[in-house]
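**Student:** Below you'll find the structure I mean.
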Amino acid sequence: MKIAVLVKRVPDTTSVFKIADDNASVVTDNLKYVMSPYDEYAMEAAIQLREAGQAEEVIVVSLGDESCKETMRTALAMGADSGLLVKCDGAGPTSRGVAEALAAALKNVGASLILAGKQAVDDDASQVAERIAELLDCPHASVVSRMELVGDTLTVDREIEGGKYTLELPLPAVVSIEKGINTPRYPTLPNIMKAKRKAIEEQDINALGLDAAVLASHITVEAMALPRQERLTNVLEGDNETRVATLVKALREEEKVL
Amino acid sequence: MAETFVSMRNLKFLIYELNNAEALCAYPYFEEHNREIFDLVLDTALKMGTDDLYPRFVEMDREQPTFDAGTISVNPWLREFMAACGEGGWIGANAPFEHGGQQIPDTVMVAFRFIFGAANYSASAYPFLGTGAALLMISFASRELIDTYVPNIFAGKWQGTMALTEPHAGSSLTDLKTTATRTDAGYFNLVGQKIFISCGEHNAVNNIVHLMIARIEDAPAGIKGISLFVVPKLRPCADGTLESNDLICTATFHKLGYKGAPITQLEMGEHGDCRAWLVGEENHGLSYMFQMMNEARVGVGAGATAIATAAYYASLEYTRERAQGRPITAKDPATPQIPIIEHADVKRMLLFQRAITEGSLSLIIYCSNLIDRIHAGPAEDKERLELLLDFLTPIAKTYPSEMGILSVSTGLQCLGGYGYCDEFPLEQLYRDIRIHPIHEGTTGIQGMDLLGRKVTMKNGQALMIYIEEITACIEKAKGVEAIAAEAQQLEEALAQLQQLTMHLGGLAMKGEIDLFLADATLYLEYVGIITMAWQWLWQATVSETALADCDTEGDTNFYMGKRYACHYFFRYELPKLQGLATRLQQSDGLTLSMQAKYFED
Ligand SMILES: Cc1cc2nc3c(=O)[nH]c(=O)nc-3n(C[C@H](O)[C@H](O)[C@H](O)COP(=O)(O)OP(=O)(O)OC[C@H]3O[C@@H](n4cnc5c(N)ncnc54)[C@H](O)[C@@H]3O)c2cc1C
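Residue numbers (our numbering), protein chains in the order written: chain A, 642 to 899; chain B, 136 to 736.
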């Protein structure tokens, strides 16, 4: 069995973000880019399935320009066997566009299981995995915090408000992963070096019969604004002694008024 | 806690823009590497530092290792960490492939050790003590010893240590008393005591392997009678099991800082059954140690720089947030208070820290790059670079250690009262950094090493090479407008250095060795300042060129910061040379004629 893991290159959320002069995009100079953290859990889940002998191959798939390869190398260093970069330069496609391009590319990959993070931490849209499942006509489970594969059936727990929801899905399936399902491993130095030799295949979206302009055309960003700084309400928990201690600590260390 | 403890932007500036680490990959030994690999290694180290080491920085200080009946219990996470360092290949990163290493350049290894050290210096000591011990074995021990011990150390299963110090032999290792007696069974029997041995006993690993110096029973007196041994806590038997080697830990010491890593007192051969295996040849122990000394001492400088860097970022963050006072010219008390980073004196304190920490890191990366070029570069450069590294080593050990203390102290000052309290990391960093001028040769010993050995060796060749390197840097800087004046100043300082060295050398020629070395520590301080000025001039030369065609705000700020830090060093620190030069020229032997008895009352 082959597993495809969808990985997105996103700005590190600890970066300082500035809105560009056009008021509709973010200044990208000096941003540090990383693999979207939820995708790390998906990567780890895939590698664990392979290590358990339930999959033969893990392929990391990403859409974007050449720079995505850096993020894909991290996935290869974690343990993916190979990579597929769906190349799309220029204006960023919308979630729908990304899903269309990836679905087209995935048709040729032959993966029985497609894993993704539950959402990407840059736009938080949580759409790509769902749309791909629809386009490939296979079942999908989102926000998955446990996964078990027996034969061709995948049993998953979905995190829902106040509880869990257990589902069974026949393969092939698309699953998007919640954090906490595992502890993503750090790349090891030997694997970092091996990653250099692993192949990243490139496939241009034009070759898939798609057009970057069309993929980017579904949504126009009118304006962007940084969130207004609002006072956070923080309800202190515990007994009186703990609450007072927490409060004093917050007044000292966060508010610096004591 | 503060969010930042290192700047990857600065680290990469030093590694790539200054030292061009990618060029190392052209040498056959490093040909498996490229920048992508280096970046991924450093990014992974930062992730480990951020997610695992830094969160345990305070906890490992407050909950110290405990000693009970010969065993020391350390923070339970350390077992996991050692295993992760083993599996991750971090411990043996710079070792050759054939010994299970990754042949990572020292330039990169020192950088990730720096990241770990800034996140949590105590934690970082465990794996990298093993690195030093294993590399020593790889260089000089028999294949059998290497095969028995090195893979276990690199896997993080066994702890490697360096066991030199004894109660009567600290700075003066020639006076050590631990004695090895020959047997017919291929090993020696050892009797003796060691003190202050870092990580000499703990429960995060399954065995401890000491690289220990001792004197063989009939060895000549002095430095030429010291041999190097492998002495395990548990010795491997033929059937693969481990049995006690009559080496026990009798105490641990309560230290000022760096509390997460224990230092131990060890007793060998209480029951006459402590076996020691000779490394290399008899009586060559200290010379083997010396061959690893440069790396070890540069490593200490890196550790000091790491701690001072964490302090710098913690204080920077605080000064941006803490509002106190108003601009001197603003008289209206109704106006809001301003962040203290706006005050000139606070900016001075931040610039001081930046000048010390980034100057030190620059020297550390440069020295590590020399180690790589000596090891893997063209044979014809080797001798010259070795001399240069030998010369720079006492400086790379001492400047970051001594000035790092002042830098952390200044960081602490930036926080006012909170700097003194344990809600913020500064007080701990202040305690943690204090070890560095002491271990791996005290500052006093480094001063004598520089003036008494390095300056004079090979007829002063090392000093000449040092001066040539700096002169080449000055020539380049002269053409850069923003730092041309600084280039001129450094040229004058170099002339003064030569004149001072001639003066001191004159004393040595007259046979007044006492006088010649009496103020060796001051001489080391003097050369340290010149070395830093050189590193800053070099950084500024590169960053001014980059500034000329840089188009992003972030880069512009970074390079402007470099310009200011360089100017700061030249205008605030370089003038200190004059005071030192005045004293060094006097050579009146004040400390020699002072009598111990005059200290009474
Ligand atoms: C936290 C910690 C970790 C350590 N880890 C290890 C370890 O892992 N392995 C190990 O072997 N050792 C270790 N040590 C020991 C350390 O290397 C020694 O403490 C150090 O070398 C100094 O020796 P000493 O303590 O005997 O001081 P001394 O040698 O007694 O020195 C005391 C003072 O006298 C000065 N002095 C001594 N001799 C001279 C001289 N000839 N001329 C002028 N001044 C002189 C010194 O500069 C110093 O200021 C560690 C020590 C500490 C505190």
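By construction, the Cβ of each residue, glycine as well, lies at the ideal position given by its N, Cα and C atoms. Quick caveat, the model's predicted, so the values are computed rather than measured.
Compute the Euclidean distance between the alpha carbons of A:Leu812 and A:Asp706, then round it to the nearest angstrom.
**Tutor:** Within the first sequence, residue 812 of chain A is the residue found at index 171, counting from 1. Within the first sequence, residue 706 of chain A is the residue found at index 65, counting from 1. Rounded to whole angstroms, A:Leu812 to A:Asp706 spans 31 Å at the Cα level.
**Student:** Going by the DSSP bridge assignment, what does A:Val862 pair with across the sheet?
**Tutor:** For the purposes of this step, residue 862 of chain A is taken as residue 221 along the first sequence, with counting starting at 1. Answer is none; A:Val862 lacks a bridge partner.
**Student:** Just checking my contact of B:Ala298 with B:Leu346 at CB under 8 Å: how many whole Å lie between their CB atoms?
**Tutor:** Numbered from its first residue, the second sequence carries residue 298 of chain B at position 163. Numbered from its first residue, the second sequence carries residue 346 of chain B at position 211. Rounded, the Cβ-Cβ distance is 7 Å, consistent with contact.
**Student:** Can you find the residues in the same chain that come closer than 8 Å, C-beta to C-beta, to B:Thr314, ignoring five residues on each side of it along the sequence?
**Tutor:** To locate residue 314 of chain B, count along the second sequence from 1; it is residue 179. For B:Thr314, where only same-chain residues beyond five positions count, the Cβ hits under 8 Å are Leu325, Val326, Gly327, Ala349, Arg350, Ile351 and Glu352.
**Student:** Cβ-heavy atom distance between B:Leu299 and ligand 1 below 7 Å?
**Tutor:** Start at 1 with the first residue of the second sequence, and residue 299 of chain B comes out as number 164. B:Leu299: yes, Cβ under 7 Å from ligand 1.
**Student:** Threshold first: 4 residues or longer. Then list the alpha helix (DSSP H) segments lying entirely within the segment 434-479 of chain B, N to C.
**Tutor:** none
**Student:** Using a Cβ-Cβ cutoff of less than 6 Å, which residues in the same chain neighbour A:Asp845 once the five nearest sequence positions on both sides are dropped?
**Tutor:** One-based indexing of the first sequence puts residue 845 of chain A at position 204. Excluding residues within five positions, the ones whose Cβ falls inside 6 Å are Lys728.
**Student:** Using a C-beta to C-beta distance shorter than 7 Å, which residues of chain B count as neighbours of A:Glu894?
**Tutor:** On the first sequence, position 253 is the one that residue 894 of chain A refers to. Residues of chain B passing the Cβ test: Glu558.
**Student:** Can you look up B:Ile500 in the DSSP assignment and give me helix, strand or coil?
**Tutor:** On the second sequence, residue 500 of chain B is found 365 positions in, with the first residue counted as 1. DSSP places B:Ile500 in helix when its eight states are reduced to three.
**Student:** Of the residues B:Ala655, B:Cys409, B:Gln472 and B:Ile605, which one's Cα is nearest the Cα of B:Trp671?
**Tutor:** Reading the second sequence from its first residue, position 536 is the one you call residue 671 of chain B. For B:Trp671, the nearest C-alpha among the options comes from B:Ile605.
**Student:** Can you list, in chain order, the residues of its chain with a C-beta nearer than 7 Å to that of B:Thr283? Leave out the 5 residues immediately preceding and following it.
**Tutor:** For the purposes of this step, residue 283 of chain B is identified with residue 148 of the second sequence, where counting begins at 1. For B:Thr283, where only same-chain residues beyond five positions count, the Cβ hits under 7 Å are Pro371.
**Student:** Span of the beta strand (DSSP E) holding B:Ser307?
**Tutor:** In the second sequence, the residue the question calls residue 307 of chain B occupies position 172. From DSSP, B:Ser307 is part of no beta strand (DSSP E); its letter is neither H nor E.
**Student:** By Cβ distance below 7 Å, which residues in the same chain neighbour B:Thr636 in space, the five residues on each side in sequence not counted?
**Tutor:** As a working mapping, residue 636 of chain B is identified with position 501 in the second sequence. The answer, listed in chain order, is Val590 and Leu598.
**Student:** With a cut-off of 8 Å on the beta carbons, I'd call A:Ala766 and A:Ser736 a contact; round off their distance for me.
**Tutor:** As a working mapping, residue 766 of chain A is identified with position 125 in the first sequence. As a working mapping, residue 736 of chain A is identified with position 95 in the first sequence. Indeed, because the Cβ distance is near 5 Å, the residues count as touching under 8 Å.
**Student:** Just verifying my parser: in three-state terms, what is the DSSP assignment at A:Ile700?
**Tutor:** If you number the first sequence from 1, residue 700 of chain A lands on position 59. Strand at A:Ile700.
**Student:** Looking only at its chain, what residues have a beta carbon closer than 6 Å to the beta carbon of A:Val739, apart from the 5 residues adjacent to it on each side?
**Tutor:** Translated into the one-based positions of the first sequence, residue 739 of chain A becomes position 98. Around A:Val739: Leu704 and Val769.
**Student:** What are the complete beta strand (DSSP E) segments, minimum 3 residues, inside the segment 668-714 of chain B?
**Tutor:** none
**Student:** Could you tell me if the beta carbon of B:His80 falls within a distance shorter than 7 Å of some heavy atom in ligand 1?
**Tutor:** The structure shown does not extend to residue 80 of chain B, since chain B spans only 136 to 736, so no value can be given for it.
**Student:** Please list the partners that B:Gly689 has in chain A, where partner means a Cβ-to-Cβ separation under 8 Å.
**Tutor:** Position 554 of the second sequence, counted from the first residue, corresponds to residue 689 of chain B. Under the 8 Å cutoff, chain A gives Asp670 and Asn671.
**Student:** Let me know if B:His389 comes out buried or exposed under the rule of 16 or more other beta-carbons within 10 Å of its beta-carbon.
**Tutor:** Here residue 389 of chain B refers to the residue found at position 254 of the second sequence. Exposed, since its Cβ has fewer than 16 Cβ neighbours within 10 Å.
**Student:** How should B:Gly582 be labelled, buried or exposed, when 16 other C-beta atoms within 10 angstroms of its C-beta is the threshold for buried?
**Tutor:** Here residue 582 of chain B refers to the residue found at position 447 of the second sequence. Counting of Cβ neighbours within 10 angstroms places B:Gly582 among the buried residues, the total reaching 16 or more.
**Student:** In whole angstroms, what is the alpha-carbon distance linking B:Ile499 and B:Ala716?
**Tutor:** Here residue 499 of chain B corresponds to residue number 364 of the second sequence, with the count starting at 1. Here residue 716 of chain B corresponds to residue number 581 of the second sequence, with the count starting at 1. If I take the Cα positions, the gap works out to 26 Å.
**Student:** Relative to the C-alpha of B:Phe559, which candidate in B:Ser678, B:Glu194 and B:Cys502 has its C-alpha closest?
**Tutor:** In the second sequence, the residue the question calls residue 559 of chain B occupies position 424. Answer by Cα proximity: B:Glu194.
**Student:** Just to confirm before moving on: does the CB-CB distance between B:Gly392 and B:Asp567 stay below 8 Å?
**Tutor:** Here residue 392 of chain B refers to the residue found at position 257 of the second sequence. Here residue 567 of chain B refers to the residue found at position 432 of the second sequence. Contact flag set, yes.
**Student:** Does the distance from the C-beta atom of B:Ile475 to that of B:Thr454 stay below 8 Å?
**Tutor:** The count along the second sequence starts at 1 and reaches residue 475 of chain B at position 340. The count along the second sequence starts at 1 and reaches residue 454 of chain B at position 319. Result yes, Cβ atoms of B:Ile475 and B:Thr454 sit closer than 8 Å.
**Student:** Could you check whether A:Tyr682 and A:Pro828 sit closer than 8 Å to each other, using their CB atoms as the reference points?
**Tutor:** Residue numbering aside, residue 828 of chain A sits at position 187 when the first sequence is read from its first letter. Residue numbering aside, residue 682 of chain A sits at position 41 when the first sequence is read from its first letter. Contact: no.
**Student:** Taking 8 Å as the threshold, find out whether the segment 679-693 of chain A comes into contact with the segment 713-725 of chain A through three or more Cβ pairs.
**Tutor:** Yes, they touch.
**Student:** Ignoring anything shorter than 3 residues, give me the beta strand (DSSP E) runs that lie fully in the segment 370-407 of chain B, in order along the chain.
**Tutor:** 377-379, 382-387 and 398-403
**Student:** Hey, does A:Ile833 have any beta-carbon neighbour from chain B nearer than 8 Å?
**Tutor:** Taking the first residue of the first sequence as position 1, residue 833 of chain A is located at position 192. Taking Cβ atoms only, chain B reaches closer than 8 Å to A:Ile833, which makes this a yes.
**Student:** Is there at least one non-hydrogen atom of ligand 1 closer than 7 Å to the beta-carbon of B:Ser362?
**Tutor:** Here residue 362 of chain B refers to the residue found at position 227 of the second sequence. No.
**Student:** Classify A:His781 as buried or exposed, calling it buried when 16 or more other Cβ atoms lie within 10 Å of its own Cβ.
**Tutor:** On the first sequence, residue 781 of chain A is found 140 positions in, with the first residue counted as 1. Classification for A:His781: buried.
**Student:** Could you run through the segment 145-175 of chain B and flag, in chain order, every residue whose CB is less than 9 Å away from some CB of chain A?
**Tutor:** Glu167, His168, Asn169, Glu171, Ile172, Asp174 and Leu175
**Student:** Below 6 Å CB to CB, which residues in the same chain sit around B:Glu402 once its five sequence neighbours on both sides are set aside?
**Tutor:** Translated into the one-based positions of the second sequence, residue 402 of chain B becomes position 267. Taken in chain order, the residues that qualify are Gln328, Ile383 and Thr385.
**Student:** Just list the alpha helix (DSSP H) runs in the segment 750-824 of chain A, keeping only unbroken ones of 4 residues or longer that don't cross its boundaries, in chain order.
**Tutor:** 769-777
**Student:** Distance cutoff 8 Å, beta carbons only. Does B:Trp225 sit that close to anything in chain A?
**Tutor:** As a position in the second sequence, residue 225 of chain B is number 90, starting the count at 1. Output row for B:Trp225: interface = yes.
**Student:** Would the beta-carbon of B:Ile273 fall within 8 Å of that of B:Ala228?
**Tutor:** As a first step, residue 273 of chain B is located in the second sequence; it is residue number 138 there, counting from the start. As a first step, residue 228 of chain B is located in the second sequence; it is residue number 93 there, counting from the start. Not a contact, by the Cβ cut-off of 8 Å.
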